[in-house]
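In what follows, a single structure is set out as structure tokens and then discussed.
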Amino acid sequence: MHPHASQPGSPTTIAAVATASGVGAVSLVRLSGPESLAVADLATGGRASGMRPRASHYCRILDDAGEVLDDGLMVVFRSPNSFTGEDSVEFSGHGGMLITREVLARLLACGALPAGPGEFTQRAFLNGKLELTQAEGVMDLISAQTRLALRAARSQLEGVLGRRTTAARDEVLATLAHLEAWIDFPDEDILPDTGVSLRNGVSSVIATLDALLATADQGRLLREGARTVIFGPPNVGKSSLLNRLLGFERAIVSETAGTTRDTIEESISLHGIPLRIIDTAGLRQAGDHLEAAGIQRTQRQLETADLLLELADASLPRPPAMARISTETTRLLLLNKSDLGEHASWHGVQALRLSCTNGSGFEDLSLAIRDALHFNKSEWGDHAIAINTRHQACLQAARRALLAALELLDDPSTDAELAAIDLREALEALGEISGRVDTEDLLGEIFSRFCIGK
Ligand SMILES: Nc1nc2c(ncn2[C@@H]2O[C@H](COP(=O)(O)OP(=O)(O)OP(=O)(O)O)[C@@H](O)[C@H]2O)c(=O)[nH]1
Ligand SMILES: [Mg+2]
61 MHPHASQPGS PTTIAAVATA SGVGAVSLVR LSGPESLAVA DLATGGRASG MRPRASHYCR
121 ILDDAGEVLD DGLMVVFRSP NSFTGEDSVE FSGHGGMLIT REVLARLLAC GALPAGPGEF
181 TQRAFLNGKL ELTQAEGVMD LISAQTRLAL RAARSQLEGV LGRRTTAARD EVLATLAHLE
241 AWIDFPDEDI LPDTGVSLRN GVSSVIATLD ALLATADQGR LLREGARTVI FGPPNVGKSS
301 LLNRLLGFER AIVSETAGTT RDTIEESISL HGIPLRIIDT AGLRQAGDHL EAAGIQRTQR
361 QLETADLLLE LADASLPRPP AMARISTETT RLLLLNKSDL GEHASWHGVQ ALRLSCTNGS
421 GFEDLSLAIR DALHFNKSEW GDHAIAINTR HQACLQAARR ALLAALELLD DPSTDAELAA
481 IDLREALEAL GEISGRVDTE DLLGEIFSRF CIGK
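Put into structure tokens, the structure is as follows:
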């Protein structure tokens, strides 16, 4: 962060370039904070404060001698009707790198402070314009590489995850209120089913949390891409498979076994799922030390994969022992070169048959990959929720607390107050997801990952 950058939460006026750096048709410079209009007035010769809010006005940005620095469109927003909830001004000027820097420098000279990364979004959050999950959705939206990632980000931005966790929180709150009434009025007649209904309440929240937690893997895959490693003996067509999936000749293909020495990684979108496809050196007794180093790299890739594509040559006899790797990772067996006919030893072996030469079998392959990563419709398609690791940690903490409460409620001899403590802990953990329980550290951590101007 800039040494003079404003501190989060302080009522300063910040400025930043909101568009990507580089040359473009237009670049947007933003101001937000109580002095936004005063700063813009200084920079425009008093034009800004007379502008009708939320309407575009042509104006010029002037330097301190009154010379024109740039001209373009300005929009002013009056608190609370802006993205940040504060008074804000946006100026769209010419998209040159130098001219944009000069406009920003002029706004800073007129009294604004440079914004830190994500500070506009952070202010929107602090002013109640966004929940934390929605602010994170903004971030996901910007970094989304595929259609599905975009859909998940959009639904998070629209507050789907926030609403789910708020509903779970309300349910815990209701159960806690029920339990506390029971504790506070021990002499009242307790209906015989009170214990049962308390337990049911807790169990139902646990089920909701489980459903959300089940989206964590998909969330990580959507944000980072699924590491998909192609491996197998030399010359079976691993590099050909990479090239086919990519749609261009990225890796060298040749009839010489041991062609690929280093690992090659490329990203593709498959049915909207981001995949990081990794082509590896063929696994065999190494011919030289270079190849041995390549094979070592292959082993390392296999250990960190989300999905393994094990490739074999359908036209050759089935090797006595397929790759000697032991891993829990889902593995798909692919028989390539099916255009050459299938060797009898493969008959009856469950595998996907394909040909990198004529392209057969690729639609089945992409469906199989989608299913293996659990992105098939029934499991994921209808509710585009994909939690991140922060949400996962909060949900797990809440779940642990709820399980502890459940155990206490199951035992009639325990003090109900102890179960209430667990329920309050679950409430806190759930509140953290939407940012209700805010800690400075948490907010700083999240917003620092944004770019400046966001
Ligand atoms: N007939 C046929 N030939 C193929 C097919 N796929 C690949 N080949 C050929 O098989 C040979 C090896 O292909 P590569 O893609 O280089 O194989 P690789 O597994 O990457 O080999 P290494 O990098 O040496 O381990 C090349 O001559 C390809 O043209 C296929 O589906 N059918
Ligand atoms: Mg190769």
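Heads up, the sequence shown is in this note's numbering, so the first residue is 61 and it goes up one at a time. Cβ atoms here follow ideal geometry from the backbone N, Cα and C, with glycine treated the same way.
**Q.** Three or more C-beta pairs below 8 Å linking the segment 391-400 and the segment 305-323
**A.** no
*Kindly confirm or deny that the segment 472-487 and the segment 165-173 touch, where touching means at least three C-beta pairs closer than 8 Å.*
no
(request) Using a Cβ cut-off of 9 Å (strictly closer), state whether residue 480 contacts chain D. (result) Within the model displayed, chain D is absent; a lone protein chain is all it includes.
- Message: Distance check for residue 420 and residue 373, CA to CA, integer angstroms please.
- Response: Here residue 373 corresponds to residue number 313 of the sequence shown, with the count starting at 1. Here residue 420 corresponds to residue number 360 of the sequence shown, with the count starting at 1. Spanning the two alpha carbons is a distance of roughly 15 Å.
| query | Going by alpha carbons, who is nearest to residue 376 out of 388, 359 and 399? | reply | Translated into the one-based positions of the sequence shown, residue 376 becomes position 316. Residue 376 has its Cα closest to that of 399, out of 388, 359 and 399.
Which residues in the same chain have their Cβ closer than 7 Å to the Cβ of residue 222, if we skip the five residues on either side of it in sequence? Residue numbering aside, residue 222 sits at position 162 when the sequence shown is read from its first letter. Excluding sequence neighbours, residue 222 sits near 191, 193, 194 and 494.
Would you kindly check if the distance between the Cβ of residue 89 and the Cβ of residue 135 is under 9 Å? Within the sequence shown, residue 135 is the residue found at index 75, counting from 1. Within the sequence shown, residue 89 is the residue found at index 29, counting from 1. Their beta carbons are not under 9 Å apart, which means residue 135 does not touch residue 89 by this criterion.
Beta-carbon gap between residue 256 and residue 483 smaller than 9 Å: As a working note, residue 256 is residue 196 in the sequence shown. As a working note, residue 483 is residue 423 in the sequence shown. No; because the gap between Cβ atoms is not below 9 Å, this pair is not in contact.
Compute the beta-carbon to beta-carbon distance between residue 146 and residue 82, rounded to the nearest angstrom, for a pair I have assumed lies under 8 Å.
The residue you call residue 146 lines up with position 86 of the sequence shown. The residue you call residue 82 lines up with position 22 of the sequence shown. In fact, because the Cβ distance is near 28 Å, the residues do not count as touching under 8 Å.
Shorter than 8 Å, the distance from the beta carbon of residue 317 to the closest heavy atom of ligand 1, or not? By one-based count along the sequence shown, residue 317 stands at place 257. Yes, the beta carbon of residue 317 sits closer than 8 Å to at least one heavy atom of ligand 1.
*asked:* Is residue 348 close to ligand 1? I mean its beta-carbon at under 8 Å from any heavy atom of the ligand.
replied: The residue you call residue 348 lines up with position 288 of the sequence shown. No.
At a cut of 8 Å, does the segment 201-216 reach the segment 328-341 through at least three beta carbon pairs? yes
- Sequence ranges, beta strand (DSSP E) only - wholly within the segment 330-394, length at least 3: 333-339 and 367-373
| Looking at the structure shown, is residue 63 part of a helix, part of a strand, or coil, going by DSSP? | Locating residue 63 in the sequence shown gives position 3, where the first residue counts as 1. In this prediction, residue 63 has a pLDDT of 40, which is less than 50 and means its spatial position is unreliable; nothing more can be read from the coordinates.
Using the DSSP secondary-structure output, state which residues sit across from residue 174 in a beta bridge. Indexing the sequence shown from 1 puts residue 174 at position 114. Residue 174 pairs with 75.
- Task: Could you tell me the boundaries of the beta strand (DSSP E) in which residue 403 lies?
- Result: Numbered from its first residue, the sequence shown carries residue 403 at position 343. Taken as a continuous stretch (DSSP letters only), residue 403 belongs to no beta strand (DSSP E), as it is neither H nor E.
Which residues in the same chain as residue 137 place their Cβ atom closer than 8 Å to its Cβ, once the five residues preceding and following it in sequence are excluded?
-> On the sequence shown, residue 137 is found 77 positions in, with the first residue counted as 1. The answer, listed in chain order, is 113, 114, 143, 147, 148, 149 and 150.
task: Could you name each continuous beta strand (DSSP E) segment of 3 residues or more that falls completely within the segment 133-185, going from the start of the chain to the end?
output: 148-154
Check: Are the Cβ atoms of residue 198 and residue 514 separated by less than 9 Å?
Finding: By 1-based counting over the sequence shown, the position of residue 198 is 138. By 1-based counting over the sequence shown, the position of residue 514 is 454. Contact: yes.
Residue 212 to residue 353, Cα distance in whole Å? Within the sequence shown, the letter at position 152 stands for residue 212. Within the sequence shown, the letter at position 293 stands for residue 353. Taking the straight line from one Cα to the other gives about 40 Å.
- Task: Check whether the Cβ of residue 379 lies closer than 8 Å to any heavy atom of ligand 1, and answer yes or no.
- Result: Here residue 379 is taken as the residue at index 319 of the sequence shown, counted from 1. Result no, Cβ not under 8 Å from ligand 1.
Do residue 449 and residue 280 have their C-beta atoms closer together than 9 Å?
Locating residue 449 in the sequence shown gives position 389, where the first residue counts as 1. Locating residue 280 in the sequence shown gives position 220, where the first residue counts as 1. Result yes, Cβ atoms of residue 449 and residue 280 sit closer than 9 Å.
- Query: In angstroms, rounded to a whole number, what distance separates the CA positions of residue 240 and residue 367?
  - Reply: Translated into the one-based positions of the sequence shown, residue 240 becomes position 180. Translated into the one-based positions of the sequence shown, residue 367 becomes position 307. Computed Cα separation, rounded: 48 Å.
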